[in-house]
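Chemist: Pasting a structure here, questions to come.
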Ligand SMILES: [Fe+2]
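Numbering (the UniProt record's numbering), first residue to last: 1 to 273.
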């Protein structure tokens, strides 16, 4: 599978990340009092208003909150106006049989490996461990990453997965991290082509360098988790998304954007999630 650059002048790849939508079968389904379909649609509307060109959309898991096939159809309908292929992978809340039920005849792709223009590739990993909130990469997933890095040593690599492969400094969220993350980083270190790692799951903006890669997490399109909190805590920041540009020299420009302040505030009395 290949995504080509629409920027004929620069050849860069422009990506849009929309993550952790937590959609439900009913249109008015809510998570911690935020109607997740409304906040997701508001994010898509805000992106459309920017009139920016993107080459592909990335959705890094927790697309559904209730496992229903309809929740995935709502996602598919919601991103349709963006008119670009969307690559998705599962998070801890996703139900793979329902995900695959909407794949035929849609703009959504469930790929493991995608060539991005002439200089980049993307590897999409499945870190889901069924029934628990933390993540782990199976031997098969680690082998897939190793294989793609070996096959395309000349390409810069963007790795996508749901769970955060670095601790974010929030005790309750870090219990739900990617377990055995050192196995992942060992594969990354074996090659030196991974320039970016992109995840969801933590419902907050993270952007740090680790082992030569830019490691990024992105706000959810619904509720936000408060950074650096030992216990469960919600943030007052609005739903958001991330825009990325992969340059021909292996560098990445990126920006997190959000809806205007005060939008879709959750119930701050919630004790957990
Ligand atoms: Fe998650």
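Heads up, the beta-carbon is just placed ideally off N, CA and C, and yes, glycines get one too.
Could you pull out every residue in the same chain whose Cβ sits closer than 6 Å to the Cβ of residue 207, ignoring the five residues on either side in sequence?
Modeler: One-based indexing of the chain shown puts residue 207 at position 207. So the list reads 216, once near-sequence residues are dropped.
Chemist: Would you say the beta carbon of residue 230 comes nearer than 6 Å to a heavy atom of ligand 1?
Modeler: Start at 1 with the first residue of the chain shown, and residue 230 comes out as number 230. No, Cβ of residue 230 sits at least 6 Å from all heavy atoms of ligand 1.
Chemist: In whole angstroms, what separates the C-alpha of residue 330 from that of residue 4?
Modeler: With the chain represented from 1 up to 273, any question about residue 330 goes unanswered, as that position is not in the structure.
Chemist: Report back the beta-carbon spacing between residue 266 and residue 32 to the nearest angstrom; my notes put them in contact at under 8 Å.
Modeler: Looking up residue 266 in the chain shown gives position 266. Looking up residue 32 in the chain shown gives position 32. Yes, they are in contact, since the Cβ atoms of residue 266 and residue 32 sit about 4 Å apart, within 8 Å.
Chemist: Measure the beta-carbon distance from residue 145 to residue 123 and round it to whole angstroms, keeping in mind my assumption that it falls under 8 Å.
Modeler: Here residue 145 is taken as the residue at index 145 of the chain shown, counted from 1. Here residue 123 is taken as the residue at index 123 of the chain shown, counted from 1. Contact between residue 145 and residue 123 holds: their C-beta atoms lie close to 5 Å from each other, under 8 Å.
Chemist: Among the candidates 255, 270, 238 and 246, whose CA atom is the shortest distance from the CA of residue 261?
Modeler: Taking the chain shown and counting its residues from 1, the one referred to as residue 261 is at position 261. The shortest Cα separation from residue 261 among 255, 270, 238 and 246 belongs to 238.
Chemist: Along the chain, which unbroken stretches of the beta strand (DSSP E) at least 3 residues long are found entirely within the segment 200-229?
Modeler: 206-210 and 213-217
Chemist: For the beta strand (DSSP E) containing residue 136, name the first residue and the last one.
Modeler: Locating residue 136 in the chain shown gives position 136, where the first residue counts as 1. Neither: residue 136 is in no beta strand (DSSP E) and is coded neither H nor E.
Chemist: Are the segment 46-60 and the segment 11-28 in contact at 8 Å, needing three or more beta carbon pairs?
Modeler: The segment 46-60 is in contact with the segment 11-28.
Chemist: Report yes if the C-beta of residue 135 is less than 6 Å from at least one heavy atom of ligand 1; otherwise report no.
Modeler: Looking up residue 135 in the chain shown gives position 135. It does not: the Cβ of residue 135 is nowhere closer than 6 Å to a heavy atom of ligand 1.
Chemist: Since residue 133 and residue 193 should fall inside the 8 Å C-beta cutoff, what is the C-beta to C-beta distance between them, to a whole number of angstroms?
Modeler: The count along the chain shown starts at 1 and reaches residue 133 at position 133. The count along the chain shown starts at 1 and reaches residue 193 at position 193. So it is not a contact: roughly 31 Å between Cβ atoms.
Chemist: Is the closest heavy atom of ligand 1 to the C-beta of residue 62 under 6 Å?
Modeler: As a working note, residue 62 is residue 62 in the chain shown. Flag set: Cβ of residue 62 near ligand 1.
Chemist: So if DSSP puts residue 88 in a beta bridge, which residue, or which two residues, is it bridged to?
Modeler: On the chain shown, residue 88 is found 88 positions in, with the first residue counted as 1. Note: residue 88 sits in a beta bridge opposite 59.
Chemist: Just curious, the alpha helix (DSSP H) that residue 37 is in, first and last residue?
Modeler: Looking up residue 37 in the chain shown gives position 37. 36-50 is the span of the alpha helix (DSSP H), which, as asked, contains residue 37.
Chemist: Beta-carbon separation of residue 90 and residue 96 under 7 Å?
Modeler: Numbered from its first residue, the chain shown carries residue 90 at position 90. Numbered from its first residue, the chain shown carries residue 96 at position 96. Yes, these two residues count as a Cβ contact at 7 Å.
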